[in-house]
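J.: If you scroll down you'll find the structure; I have some questions about it.
Protein chains: 2
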Amino acid sequence: MQLTQYTDYSLRVLIYLSQKPAQTLATITEISDFYGISRNHLVKVVHSLAINGFLETTRGKNGGIRLAKPAAQIGIGEVVRSTEPNFEMAECFNHQNNTCIITPVCSLKGILSEARNSFIATLDQYTLADTIQKPGSLFRSYMQAINK
Amino acid sequence: MQLTQYTDYSLRVLIYLSQKPAQTLATITEISDFYGISRNHLVKVVHSLAINGFLETTRGKNGGIRLAKPAAQIGIGEVVRSTEPNFEMAECFNHQNNTCIITPVCSLKGILSEARNSFIATLDQYTLADTIQKPGSLFRSYMQAINK
DNA sequence: TTAAAGATGTATTTAATATACATATATATG
DNA sequence: CATATATATGTATATTAAATACATCTTTAA
């Protein structure tokens, strides 16, 4: 049971942006260089984050991206729900493909649903503002160096 | 975020066995026919369930498998923990492969861990005995037909 | 001795995900 | 208006984990 790298990268982008001085733009290249990950992959991650309203993008020269709202208003659960392609824990969650013959009398789906819901409910208790420790940190140092 | 079919099949085997009259043996072929799934795959599922102490196997003619303990003593959480190959929610859960530069100052791992733990804690509230509704059910009918 | 059961190791297939590549579109600036 | 620099978009390819198939071994009751 894992999240996709797509979700991981989505969160990393948001965390990165949350540490930039307010209103300043970052670029995808800057972020992919910072983390040492595929720029091409990040392009799609950023695009979907924008579509889902988590960040604003500006094309063209001097363009870039920034958070669409304060970090404290971006819930981790929201983000994960929008980036994970599939929360169907077992075959029986998918009406169309399900072949399990006991589905009508089996409570497993309900149990797994409840577990999945408590997973997401836990994430809903946190926002982007909870992800980075306060000043003096390594991250701040990196960011300061980069923002020069 | 999904469980593997391996885990799904493991649970199906246990559920099937929980509905057999006490002490009687089922065979892998019987179970794979019942669900209409790969016998080869089930062989490995059954083997690992046996290694993990959930069922007893008997080789040779008239052999087969049965639960190693009462259904009410087999926790769903236990089973899932033993069958899922990987509970590392993101790259930063794996010390060896992790390349995420912000790990030392990032709380995401803690948040995702907490969510994962509440997922498993929910499963720990249920046992195999909670998975099938009581008599009169479709499953009982199937099983009765098969046990003739 | 044979048939029927699980045990084990290896190879192959499949599907989802990740990555790369090519090109389009937008925009600031000289 | 031309150019440089940014995101947008679609398609193709590569990679990986998981699922499945195949072959053979071991055990045991009759």
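Just so you know, the protein sequences line up as chains Z and C, in that order. Just so you know, we're using this note's numbering here: the first sequence kicks off at 1 and counts up by one. Just so you know, we're using this note's numbering here: the second sequence kicks off at 149 and counts up by one. Glycine is no exception: its CB is placed at the ideal position from the N, C-alpha and C atoms.
#1: Ignore the nearest five residues each way along the sequence and tell me which others in Z:L123's own chain have a CB closer than 8 Å to its CB.
#2: Under 8 Å between C-beta atoms, does Z:L49 make it to chain C?
#3: Residues of chain Z with CB under 7 Å from C:L286, in chain order?
#4: Give me the chain Z residues within the contact set of C:D181, using Cβ-Cβ distance strictly less than 9 Å, ordered along the chain.
#5: Mind checking if C:S158 is an interface residue toward chain Z, Cβ cutoff 8 Å exclusive?
#6: Going along chain C in order, which residues have a C-beta closer than 8 Å to the C-beta of Z:E114?
#7: Just grab the DSSP bridge partners of C:T152 for me.
#8: Quick check: is the beta carbon of Z:F54 nearer than 8 Å to any beta carbon in chain C?
#9: Since C:A216 and C:S166 should fall inside the 8 Å C-beta cutoff, what is the C-beta to C-beta distance between them, to a whole number of angstroms?
#10: State the Cα-Cα distance for the pair Z:Q125 and C:T172, rounded to the nearest angstrom.
#11: When the cut-off is 8 Å and only beta carbons count, does Z:T131 lie next to chain C?
#12: According to DSSP, simplified to helix, strand and coil, what is C:T206?
#13: Any Cβ of chain C within less than 8 Å of the Cβ of Z:Y6?
#14: Going by alpha carbons, who is nearest to C:D181 out of Z:D33, Z:I28, Z:I101?
#15: Consider the Cβ of Z:Q23: report whether some Cβ of chain C lies at a distance smaller than 8 Å.
#16: Return yes when the Cβ of Z:S118 is within less than 8 Å of the Cβ of C:T279, no when it is not.
#17: Starting from C:S230, find everything on chain Z with Cβ-Cβ shorter than 7 Å and list it in chain order.
#18: Kindly indicate if chain Z contains any beta-carbon less than 8 Å away from that of C:E236.
#19: What did DSSP end up calling Z:A26 once you bin it into helix, strand or coil?
#20: Any idea which residues DSSP pairs C:G225 with across the strands?
#21: Along the beta strand (DSSP E) that carries C:G258, what are the first and last residues, could you check?
#22: Count the other C-beta atoms from every protein chain shown that fall within 10 angstroms of the C-beta of C:I185, then say buried if there are 16 or more, exposed otherwise.
#23: Among C:L286, C:N234, C:Y157, C:L203, which one has its Cα closest to the Cα of C:A170?
#24: Between Z:I152 and Z:R39, how many whole angstroms is the CB-CB distance? I'm expecting something under 8 Å.
#25: In chain order, what residues of the same chain lie with their CB nearer than 6 Å to the CB of C:A277, ignoring the 5 residues before and after it?
#26: Taking the DSSP output, what are the residues bridged to Z:I132?
#27: Answer yes or no: does any C-beta atom of chain C fall closer than 8 Å to that of Z:L3?
#28: Does the beta carbon of C:E239 come closer than 8 Å to any beta carbon on chain Z?
#29: Less than 8 Å between CB atoms is the rule here; does Z:G195 satisfy it with respect to chain C?
#30: Determine the direct distance from the alpha carbon of C:A238 to that of Z:D8, and round the result to whole angstroms.
T.: Taking the definition as stated:
#1: Within the first sequence, numbered from 1, the residue matching residue 123 of chain Z stands at position 123. Once the five neighbours on either side are set aside, the close Cβ partners of Z:L123 are G75, I76, G77, V80.
#2: Position 49 of the first sequence, counted from the first residue, corresponds to residue 49 of chain Z. Answer no: the Cβ-Cβ gap between Z:L49 and chain C never drops below 8 Å.
#3: Stepping through the second sequence from its first residue, residue 286 of chain C is reached at position 138. Correct list: P104, V105.
#4: Within the second sequence, the letter at position 33 stands for residue 181 of chain C. The contacting residues do not exist; C:D181 stays about 11 Å from chain Z at best.
#5: Along the second sequence, read from residue 1 onward, the residue named residue 158 of chain C stands at position 10. Output row for C:S158: interface = no.
#6: Here the question's residue 114 of chain Z lines up with position 114 in the first sequence. Going along chain C in sequence order, the residues near Z:E114 (Cβ under 8 Å) are T270.
#7: On the second sequence, position 4 is the one that residue 152 of chain C refers to. Answer by DSSP bridge pairing: none, since C:T152 is not bridged.
#8: Position 54 of the first sequence holds residue 54 of chain Z. Z:F54 does not count as touching chain C.
#9: Along the second sequence, read from residue 1 onward, the residue named residue 216 of chain C stands at position 68. Along the second sequence, read from residue 1 onward, the residue named residue 166 of chain C stands at position 18. Not a contact, Cβ separation roughly 12 Å.
#10: Taking the first residue of the first sequence as 1, we reach residue 125 of chain Z at position 125. Taking the first residue of the second sequence as 1, we reach residue 172 of chain C at position 24. Distance between the alpha carbons of Z:Q125 and C:T172 is about 48 Å.
#11: Indexing the first sequence from 1 puts residue 131 of chain Z at position 131. With 8 Å as the cut-off, Z:T131 counts as an interface residue toward chain C.
#12: Here the question's residue 206 of chain C lines up with position 58 in the second sequence. Correct three-state label for C:T206: strand.
#13: As a first step, residue 6 of chain Z is located in the first sequence; it is residue number 6 there, counting from the start. So, not an interface residue.
#14: Locating residue 181 of chain C in the second sequence gives position 33, counting from the first residue. Cα-wise, what sits closest to C:D181 is Z:I101.
#15: Here the question's residue 23 of chain Z lines up with position 23 in the first sequence. For Z:Q23, the answer is no, since every Cβ of chain C falls outside 8 Å of its Cβ.
#16: The count along the second sequence starts at 1 and reaches residue 279 of chain C at position 131. The count along the first sequence starts at 1 and reaches residue 118 of chain Z at position 118. The answer is no: Cβ separation not under 8 Å.
#17: The residue labelled residue 230 of chain C in the question sits at position 82 within the second sequence. Correct list: empty, because the minimum Cβ distance to chain Z is about 13 Å.
#18: Numbered from its first residue, the second sequence carries residue 236 of chain C at position 88. It does: the Cβ of C:E236 has a partner Cβ on chain Z nearer than 8 Å.
#19: Translated into the one-based positions of the first sequence, residue 26 of chain Z becomes position 26. Z:A26: strand per DSSP, three-state reduction.
#20: As a first step, residue 225 of chain C is located in the second sequence; it is residue number 77 there, counting from the start. BP columns for C:G225 are empty, so no partner.
#21: Taking the second sequence and counting its residues from 1, the one referred to as residue 258 of chain C is at position 110. Run containing C:G258: none in the beta strand (DSSP E); it sits in the alpha helix (DSSP H), 256-271.
#22: Residue 185 of chain C sits at position 37 when you count from the first residue of the second sequence. Buried, by the Cβ-count rule.
#23: Sequence index remark: in the second sequence, residue 170 of chain C carries index 22 (1-based). Nearest option by C-alpha distance: C:L203.
#24: Nothing about residue 152 of chain Z can be reported from this structure: the residues present for chain Z run from 1 to 148 only.
#25: Residue numbering aside, residue 277 of chain C sits at position 129 when the second sequence is read from its first letter. The residues are A219, A220.
#26: The sequence position of residue 132 of chain Z within the first sequence is 132, counting from 1. In DSSP, Z:I132 forms a bridge with C:C254.
#27: As a first step, residue 3 of chain Z is located in the first sequence; it is residue number 3 there, counting from the start. Answer yes: the Cβ-Cβ gap between Z:L3 and chain C drops below 8 Å somewhere.
#28: One-based indexing of the second sequence puts residue 239 of chain C at position 91. Yes, its Cβ sits closer than 8 Å to a Cβ of chain Z.
#29: In this structure chain Z extends from 1 to 148, so residue 195 of chain Z is not present and cannot be described.
#30: Mapped onto the first sequence, residue 8 of chain Z falls at position 8. Mapped onto the second sequence, residue 238 of chain C falls at position 90. Answer to the nearest angstrom: the Cα atoms are 6 Å apart.
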